[in-house]
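Quick note on our numbering: the sequence shown kicks off at 71 and runs consecutively. The beta carbon of each residue, even a glycine, is placed where N, CA and C say it ideally should be. Below is one structure, written out as structure tokens, with a few remarks after it.
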Amino acid sequence: MNRNISISVLAVILIGFFTAGFISIGSDRSSKNPVLPENLGTVVHPVSQNSDLPPIYTDNFDGANDTTSLKARGYKVWYRGSGPQGTFATWFQGDGGVFPAFNGPATGYVACNYQVVTGTNNIDSWLVIPRVTGGLVAGDSLIFRIRSTYVATTNYPDSFRVMYSAIGDSIPEGTWVELGRFRALNPPVGQNTWERRGFRAPTAGVNARFAIRYNVVNGGPNGSNSDYSGIDALEIIRTSAPSTCNNYSSQWCALGAFPVLPAATYFDAASWVGDTLYVQAPSTAGAGATTIYRYTYGGSWSTGVPCLTAVSGASMSTAGGKLYLIGGGASVTVGGTTVQEYNPATGTWTAKAPLPAALSAHGSVTWGDSVIFVVGGPYTGAATNLAVHYYRVASNTWGTIAASLPSGQGRRTFAMGITGGNKIVISCGFNTVYLNSTYVGTIGANASLITWTAAPNAPVALSRPGGVGFNNYFYLVGGDTNTTAVKNDKVFVFNSQTNTWFYTIPSNPNPVSNMMNAITAKCINDTVKIFQAGGYTAASAASNVFAVLGCGPTITGIPNITNEIPSSYSLSQNYPNPFNPSTKISFALPKAGNVKLIVFDLLGREVATLVNEYRTSGNHVVDFNAVNFASGVYFYRIEAGDFTATKKMLLVK
Numbered sequence: 071m072n073r074n075i076s077i078s079v080l081a082v083i084l085i086g087f088f089t090a091g092f093i094s095i096g097s098d099r100s101s102k103n104p105v106l107p108e109n110l111g112t113v114v115h116p117v118s119q120n121s122d123l124p125p126i127y128t129d130n131f132d133g134a135n136d137t138t139s140l141k142a143r144g145y146k147v148w149y150r151g152s153g154p155q156g157t158f159a160t161w162f163q164g165d166g167g168v169f170p171a172f173n174g175p176a177t178g179y180v181a182c183n184y185q186v187v188t189g190t191n192n193i194d195s196w197l198v199i200p201r202v203t204g205g206l207v208a209g210d211s212l213i214f215r216i217r218s219t220y221v222a223t224t225n226y227p228d229s230f231r232v233m234y235s236a237i238g239d240s241i242p243e244g245t246w247v248e249l250g251r252f253r254a255l256n257p258p259v260g261q262n263t264w265e266r267r268g269f270r271a272p273t274a275g276v277n278a279r280f281a282i283r284y285n286v287v288n289g290g291p292n293g294s295n296s297d298y299s300g301i302d303a304l305e306i307i308r309t310s311a312p313s314t315c316n317n318y319s320s321q322w323c324a325l326g327a328f329p330v331l332p333a334a335t336y337f338d339a340a341s342w343v344g345d346t347l348y349v350q351a352p353s354t355a356g357a358g359a360t361t362i363y364r365y366t367y368g369g370s371w372s373t374g375v376p377c378l379t380a381v382s383g384a385s386m387s388t389a390g391g392k393l394y395l396i397g398g399g400a401s402v403t404v405g406g407t408t409v410q411e412y413n414p415a416t417g418t419w420t421a422k423a424p425l426p427a428a429l430s431a432h433g434s435v436t437w438g439d440s441v442i443f444v445v446g447g448p449y450t451g452a453a454t455n456l457a458v459h460y461y462r463v464a465s466n467t468w469g470t471i472a473a474s475l476p477s478g479q480g481r482r483t484f485a486m487g488i489t490g491g492n493k494i495v496i497s498c499g500f501n502t503v504y505l506n507s508t509y510v511g512t513i514g515a516n517a518s519l520i521t522w523t524a525a526p527n528a529p530v531a532l533s534r535p536g537g538v539g540f541n542n543y544f545y546l547v548g549g550d551t552n553t554t555a556v557k558n559d560k561v562f563v564f565n566s567q568t569n570t571w572f573y574t575i576p577s578n579p580n581p582v583s584n585m586m587n588a589i590t591a592k593c594i595n596d597t598v599k600i601f602q603a604g605g606y607t608a609a610s611a612a613s614n615v616f617a618v619l620g621c622g623p624t625i626t627g628i629p630n631i632t633n634e635i636p637s638s639y640s641l642s643q644n645y646p647n648p649f650n651p652s653t654k655i656s657f658a659l660p661k662a663g664n665v666k667l668i669v670f671d672l673l674g675r676e677v678a679t680l681v682n683e684y685r686t687s688g689n690h691v692v693d694f695n696a697v698n699f700a701s702g703v704y705f706y707r708i709e710a711g712d713f714t715a716t717k718k719m720l721l722v723k
């Protein structure tokens, strides 16, 4: 019998079953055909966490993992599938003959499979993680490795959900919130690749628990879905919530304060993943290379895993805890379509769906941790290229917004960044002449529309500068002012909220150009720092200098949360925006009084009350956690005395 199933995943509705499939172990399912939707991975995306702190709970599953042993260690295992339970336990000892463990003995992992149900039924097998002494705090992260069977002609993917109970329920019928869902990896035959998954606790709880659910529709020995998967190397790590970063460095640090790169480079590309900065470094002559350097703040440089294809003039962006090296060619003048993904958890590079056009000397930014936008280039013919390409990470698919940029605004070797959550800033560059024009593109809710508006020109016309955005601010760094022998030693700071160039930072100790995609920003100790790796000097030579704008007092003119009593009421734009699942909303009260801060949806229905109480005068910050809300546009409104204000925010999952 040939059975085809149709799977429908509602990307903005967080209810219903998450459908996935499954091949058999020990039974012939060659007559069954799973149907996989392109948007299977876009339903709910967890946020991968990184931390240098020691774990507060660890289980490598190197011993016995039968039901009795799991319960003895504090786990709760529950069968909630439909129909009578099958011949296998909900969770059981891994089978090294199917695939070996991530680490330790070959059978040292906990497994689940389709035989937990009978006939054709829905699978819902719960593994409730033991309580942690002292409880969990908001931001603690459950991190584990997971994989399914090897890639075959036909694969029936397994699906999982991760749950959280702040009050520590030990049965599925308790109070749980879903943190995310995903499909288990099917690695290539012979490669024991385990994917790293991480999920953050949204709230604190003395008895709080995480849970992992093996959750498949139409599974079982006679079903068309489900197979066999394993979990290994499980940890709970204490991680703090991300900082809003209230300070912005105003001075360059002395060059000796930071180590030089292992070799000089330019036309390089850089991006942070967690606490590690990655740099793809072309040769000292700017030629394409596969060289990757890594740096951890306060540490030293090391050489990373080489990328798959040698490139120069590529861009690099981070999404979902992975690097994406996009485009570039044998030299900056040669465009390329390659997209190379690096997973730090496995140390492997993977070729992804190619760019729709061959590009170099372009730029890329990540929106909502799920979509990467590519603007500008190629090196030759950039003036007439008005298209913007967008890459959806979960589905590994590209789209193109034709003629997106305003007429005459195509460019190459320019500066680019994302600010305010959904505003792409492009500035300067070259399109037959040196440019100082600046444009801001506001990303639409579905990522397939960008509305561009002209901003004030940059203070200086520049070619080959670098750029980066953080919060509402865009940094324009370096570049050529007229010829390669005249470098810009200033940083110009643009406020995308007020649409002004409002601050200039002088005296870059290593003024360079040709580092369009090698300027990065990171919040360290509540201070935004800007990093410049390599570049091309006025002496027409590659540089190995690692310059850091990370010293001195904070930039004046950038507001932060202070203890001063404000002179007027105000409601600030939430940050981050878009967000998933949490964001911060700030408001100012010049005098004490009753305050109401509510969230409502597009239909005007009130969905959350964040504040409804007496508040003292001053500056206030409120967290909004939308883990139980669907993706989409929401509004928040404040009522305080005679003051009311409303702003829009975007939840992207």
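Taking a cut-off of 8 Å for Cβ pairs, the stretch 547 to 559 and the stretch 295 to 304 do not touch, as fewer than three such pairs fall below it. DSSP lists S299 as the beta-bridge partner residues of C182. Per DSSP, Y145 has no beta bridge partner at all.
Within the DSSP secondary-structure output, F616 pairs in a beta bridge with A603. Inclusion of G490 and N647 in the CB contact set at 8 Å is warranted, their separation being smaller than that value. Three or more pairs of CB atoms, one per stretch, sit closer than 8 Å, so the stretch 316 to 324 contacts the stretch 610 to 623. Straight through space, the alpha carbons of T346 and L331 are spaced by roughly 14 Å. Separation of I237 and L212 (C-alpha to C-alpha, rounded to the nearest whole angstrom) is 17 Å. If you compare the alpha carbons of Q350, V441, G433 with that of G499, the shortest gap goes to G433. The Cβ atoms of S382 and V409 do not sit closer than 8 Å to each other. A distance below 7 Å between beta-carbons, with the five flanking residues on each side excluded, links G438 to the following residues of its chain, in chain order: P648, N650, V722.
For D439, there is no enclosing beta strand (DSSP E), as DSSP gives it neither H nor E. CA-to-CA, the gap between S474 and R251 works out to about 34 Å.
Rounded to the nearest angstrom, the Cβ distance from I575 to V556 is 19 Å, too far for a contact under 8 Å.
Contact between the stretch 446 to 456 and the stretch 467 to 482 is established, with three or more Cβ pairs separated by less than 8 Å.
Under the DSSP assignment, F572 falls in the beta strand (DSSP E) whose first and last residues are 570 to 575. The residue from K392, G688, G368, I600 with its alpha-carbon nearest to that of S637 is G688.
Counting every other CB atom within 10 Å of its CB across the protein chains shown gives V703 a total below 16, marking it as exposed. L519 is classed as exposed because its beta carbon has fewer than 16 other beta carbons within 10 Å across all chains shown. For V287, the uninterrupted beta strand (DSSP E) segment begins and ends at 279 to 289.
When rounded, the separation of the alpha-carbon atoms in N682 and S652 is 20 Å. Closest by C-alpha distance to P535, out of Y573, P526, T508, is T508.
Rounded to whole angstroms, N578 and V463 show a C-alpha spacing of 36 Å. Distances from the CA of A333 to each of R253, L680, S372 were compared; the closest alpha carbon is that of S372. Counting only the Cα atoms, T160 lies some 10 Å from Y184. Taking C-beta atoms as the reference points, P272 and Y234 count as a pair closer than 8 Å.
Counting only runs that start and end inside the stretch 687 to 715, the beta strand (DSSP E) elements of at least 3 residues fall at 688 to 695, 702 to 710. Note: R685 is bridge-paired with G663 in the DSSP secondary-structure output.
As DSSP reads the structure, C593 sits in a beta bridge with V598. Put simply, of D129, G204, N492, P200 the residue whose alpha carbon is nearest the alpha carbon of V180 is D129. In the three-state reduction of the DSSP assignment, T551 falls in the coil class, being assigned neither a helical nor a strand state.
Looking at the DSSP output, R308 bridges to nothing.
Short of 8 Å from the beta carbon of N580, and not among the five residues preceding or following it, lie these beta carbons of its own chain, in chain order: L325, Q602, G605, T607, S613, V615, A617. Check the Cα spacing between S341 and each of T157, G447, G539: the tightest is with G539. Going by DSSP, V349 is part of the beta strand (DSSP E) stretching over 346 to 350.
Following the DSSP letters along the chain, one finds L395 inside the beta strand (DSSP E) bounded by residues 392 to 396.
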